[in-house]
Amino acid sequence: MSPFAATFRRELALLWAGGGALAPLGYFFGATMLVPLAMGPDRALLEVAGPPLVWIAAALAMLAMLERLFQADLEDGSLDQMLLSPAPLELIVFAKGAALWVAIGLPLAIAGAPVAIALQAPLERVPLIVASLALGTAAFVGAGLIGAALTASVKRAGVLLALIVLPLFAPPVIFGASVASGEDVGAALTILTACALAGAALGPIAAAAALRLQAE
Amino acid sequence: MFAFLANPARFMAFSAWAAPVLLAGALILFAAGIPWALFYSPPDYQMGDTARIMYIHVPAAWWSMGVFAFMVGASFVSLVWRHVLADVAARAAAPVGAVFAAICLVTGSLWGAPTWGTWWEWDGRMTSMLVLFVTYLGYIALWSAIEDEERAARLAAILCLVGAINLPIVKFSVDWWSTLHQPASIMRSGGSAIHAEMLGPLLTMAGAYLLLFGALTLMNMRSAIFRRRVENAELRKAQS
Amino acid sequence: MSARGPFQDKPSLRVEALALSRGGRVLFEDLSFAAASGAYVEVQGSNGSGKTSLLRALAGLLRPRSGVIAIEGVDEPAVALHYIGHANALKREAKVREHLHYWAGLLGGAPSEDFVSKMLDLGRVLKLPVRVLSQGQARRLALARLIVAPRPIWLLDEPAAALDASGKAVLNELIASHRASGGIVVAAVHEPLGAPPSQTLRVSR
C-alpha cells in the first residue's frame, strides 16, 4: 500500500468512525430548514431565490468539519509520522482532502437533490445542482485544508477558521449558485470545475507548507 | 535601500525621523486635498456635489489594495529569507490597509445613499472590496491567535499569499456575478470618466493616503520592535 | 528473526555546531557529536533542556538556528529516520492492527503482525481499538513502528516511559539487535535504559 492509499483508507475509516457524514448532513438539512422559516413559504419567492441558498447550507456544513482536520494529528504526533513518510507531505494532505470529499462532500452533493427540490428548484435542474455541489464541495475542501492547517495549533479555532476560509469559498459559491438558479449554467460549471481543480492542486501545497511550520 | 534598512538598529534610527516627516507630509496633503476636493473641484455632471466623496473613496480603494500588495511582498520576504523586519512590516501594515478598506466601504455606502436610494449597493467593486476587508480581518486575527511570534509570522505570510491568489479570482468571479445580476447599470460606482480638473485633487488625496500609510506603518513597526525588546529583556531576566 | 536486515552501507550521523531555539528561548548553541554505525547515544539533560528539541531537529521536524546535521551512508535519505516522540501517534478509535497496516503503508514496510504481536506482546489486543489499551500497551504499539519499517537511524524520546520491566526488556532487545545490524540509536532518557551507551550527550545551555 502506498502512503497515499494508506492515508486515504485511514482517513475514510476515521471519518466513518467519527459519525461519517451524519453530522454534516444534519447541519445541511437544518440550515436548509431555516431558509423558508426566514423567507416565508411563498412558493413564487422560493422558486426565484431558494435554490442558490443550498450553497450557503453546504458551505456551513463543510465548515463544521474543518476544525479538527489537522488539530488531532498535530496533538497526537501523527503529523510527525506523516513528515517522516517518503511521500511528500503535499500528497498525504491531498489524500486527507480526498477522503474528506468522498466521505462528506459527495454525500452533501447527493443530499443537495432533496434540498434543492425543497427549495423549489425545477426538477430538470436538480442533476446539474448535484454535479455542481460535487465540484463545489471539492473546492471547499481545498480551501478548508488551508484554513485547517493554518489554525491547527489554535484552540477553539472555529471562528478564526471561518474568517480565513470564507473569502476562499466566495468564488465556488458564486458559480455554484449560478447553476442553481439556472443562469449561464455552462460557463458556471466550467469555471466551477476550474475552482475545484485549483483547490485540489493549491490547497495541499499551501496546507503542507503551513503544517511543516506547525510541526516545528 | 531595503538592505540598508534591514538592520533593525538602523531601521529604528531611520524611522525615528521618517515617521513624523511622513505624518507631517500626509497632514499637509490632506489639508490641501480635502478643501480642493470638497470646494474647488468641478461637480460631477451626473451626480452633482455628492460625487465629491469620490475623492475620499477612490484613493482609499486604491491604497487598500496597494497596502495588501505591500504585505504580499513582505510576506514573500518573510518566507524566503525569514527576516524579522519583513514580519513586523507585514503585520504593521495590515490594520492600515483594513481601515482604508473600511473607509472605502463606508464612503461607498454614503455615496450610494443619495445616488441610488440605498445604504448599500452590491455592485462588483464593493463586493470585492468587502471580500478584501474580510481577508484583512482574517489575517489580523490569525496573527493574534498564535502565541509563537515566529510561527505566527510564517503562517500569516502563507495566508497573505493565499489571499493574493484568491483576490483576483474573487474579482473575476464577482464581476461575472454582477454582470449576471445587473445587466443594465447606469450608475456604476466608478462614475463618469475622470476629467483633467479632477486629477489634481484626486492625486493629492492619493498622495496623502500613501504618506499616511507610510507614517502609520512605520509607527506600528516601531512600537512592535519596542515591545519585542521589552519582552526579550523580560525573557532574559526570567532565565538568568 | 529480525524483521530488519543488516544495513548495507554503514549509516553515520554527524552534528556540528548545532544551535536551537524554541519560542524565542535559546536552548543550546554549538552542540557537536558524531555517531557511527552500531552506536547508541544517550542524551541526558534536565527537563526543558532541549532533549526533545534536539531529537526533533535530528528528525528534520524542527529547523535549527544554525549548524549542520549530516546523515551519511544510507540508501535512501527519505527513509533514514524513525522518530518516537512523547506522543504515540495513535488514533483512539482505530484498531491496533489498523495502525500497523497504516504505518507500513505510510512509512514503507510490512505490517509484520505476527512478529509484532510476539515481540511486543500485543497479540491479545490486535483487533481492539486503541482506546482500550493501557499506557504501557500504547507505548509498545508506538514502538512497533520500529519493527514495521526498517530504517537505520532511531531517534527515541523517553522510549521507556510507561513501560514495565518486561516492556523495557523488549525495548533493550530491539535496540541491541538494531545496533548489531549496524543501525544507530539516539535516545533521550531520564534514567539508563539497560545496555550501556557507546556515548553520552549532555544537553544544557
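Chains as they are written, first to last, in our numbering: chain A, 1 to 216; chain B, 217 to 456; chain C, 457 to 661. For every residue, glycine included, the Cβ atom is placed at its ideal position computed from N, Cα and C.
Minimum Cβ-Cβ distance from residue i to chain C less than 8 Å
| i | result |
| --- | --- |
| LEU426 (chain B) | no |
| VAL353 (chain B) | Note that residue 353 (chain B) is Leu in the sequence shown, not Val. No, LEU353 (chain B) does not count as interfacial toward chain C. |
| THR193 (chain A) | no |
| LEU84 (chain A) | yes |
| GLU90 (chain A) | no |
| ASP364 (chain B) | yes |
| LEU434 (chain B) | no |
| THR32 (chain A) | no |
Pair within 8 Å by beta-carbon distance, residue i and residue j
| i | j | result |
| --- | --- | --- |
| TRP335 (chain B) | HIS273 (chain B) | no |
| LEU213 (chain A) | ARG367 (chain B) | yes |
| THR395 (chain B) | ALA248 (chain B) | no |
| ALA310 (chain B) | MET281 (chain B) | no |
| VAL641 (chain C) | VAL499 (chain C) | no |
| MET293 (chain B) | ALA302 (chain B) | According to the sequence shown, residue 293 (chain B) is Val rather than Met. In this structure, ALA302 (chain B) lies closer than 8 Å to VAL293 (chain B) by Cβ. |
| TYR488 (chain B) | GLY313 (chain B) | Here chain B has residues from 217 to 456 only, and residue 488 (chain B) is not among them. |
| ASP80 (chain A) | TYR496 (chain C) | no |
| ALA207 (chain A) | ILE146 (chain A) | yes |
| ALA13 (chain A) | ALA550 (chain C) | yes |
| ILE244 (chain B) | ALA276 (chain B) | no |
| PHE70 (chain A) | ALA162 (chain A) | no |
| ILE609 (chain C) | GLY639 (chain C) | yes |
| ALA234 (chain B) | LEU432 (chain B) | no |
| ILE191 (chain A) | PHE175 (chain A) | yes |
| VAL202 (chain A) | GLY144 (chain A) | For clarity, residue 202 (chain A) is Leu in the given sequence; the question names Val instead. Result no, Cβ atoms of LEU202 (chain A) and GLY144 (chain A) do not sit closer than 8 Å. |
| VAL54 (chain A) | LEU128 (chain A) | no |
| SER509 (chain C) | LEU518 (chain C) | yes |
| VAL530 (chain C) | GLY564 (chain C) | no |
| ALA422 (chain B) | VAL304 (chain B) | no |
| LEU168 (chain A) | LEU133 (chain A) | no |
Cβ of residue i within 8 Å of any chain B Cβ
| i | result |
| --- | --- |
| ARG481 (chain C) | yes |
| PHE175 (chain A) | yes |
| PRO167 (chain A) | yes |
| GLU216 (chain A) | yes |
| VAL154 (chain A) | yes |
| ALA157 (chain A) | yes |
| ASP184 (chain A) | yes |
With 16 other Cβ atoms within 10 Å as the buried cut-off, status of residue i
| i | result |
| --- | --- |
| PHE255 (chain B) | exposed |
| ILE402 (chain B) | Residue confidence for ILE402 (chain B) is low, a pLDDT of 42 falling below 50, so the modelled location carries little weight; the figure read from the coordinates is stated next. The residue in question, ILE402 (chain B), is exposed, as its Cβ has fewer than 16 Cβ neighbours within 10 Å. |
| PHE227 (chain B) | buried |
| MET33 (chain A) | exposed |
| PHE463 (chain C) | buried |
| GLU450 (chain B) | exposed |
| ASN503 (chain C) | exposed |
| HIS646 (chain C) | exposed |
| ALA103 (chain A) | buried |
Sheet register partners of residue i (DSSP bridge)
| i | result |
| --- | --- |
| GLU183 (chain A) | DSSP output for GLU183 (chain A) lists no bridge partner at all. |
| GLN500 (chain C) | C:ARG658 |
| ALA475 (chain C) | C:SER522 |
| VAL642 (chain C) | C:VAL497, C:LEU611 |
| LYS551 (chain C) | C:PRO585 |
| PHE484 (chain C) | C:LEU476 |
| SER468 (chain C) | C:GLU528 |
| ALA491 (chain C) | C:LEU469 |
| GLN540 (chain C) | The question names Gln, yet the displayed sequence has Ile at residue 540 (chain C). BP columns for ILE540 (chain C) point to C:LEU612. |
C-alpha distance - residue i paired with residue j, whole-angstrom precision
| i | j | result |
| --- | --- | --- |
| PRO224 (chain B) | LEU427 (chain B) | 22 Å |
| ALA361 (chain B) | VAL154 (chain A) | 7 Å |
| PRO52 (chain A) | TRP279 (chain B) | 34 Å |
| ARG10 (chain A) | ARG548 (chain C) | 13 Å |
| LEU197 (chain A) | PHE94 (chain A) | 12 Å |
| TRP359 (chain B) | LEU160 (chain A) | 11 Å |
| GLY142 (chain A) | LEU63 (chain A) | 12 Å |
| GLY541 (chain C) | LEU630 (chain C) | 17 Å |
| ARG341 (chain B) | PRO417 (chain B) | 22 Å |
| PHE349 (chain B) | TYR425 (chain B) | 17 Å |
| GLU216 (chain A) | ALA111 (chain A) | 40 Å |
| HIS557 (chain C) | ALA566 (chain C) | 7 Å |
8 Å Cβ cutoff, residue i in contact with chain A
| i | result |
| --- | --- |
| ARG596 (chain C) | no |
| LEU371 (chain B) | yes |
| LYS547 (chain C) | yes |
| TYR539 (chain C) | yes |
| VAL588 (chain C) | no |
| GLU485 (chain C) | no |
| ARG367 (chain B) | yes |
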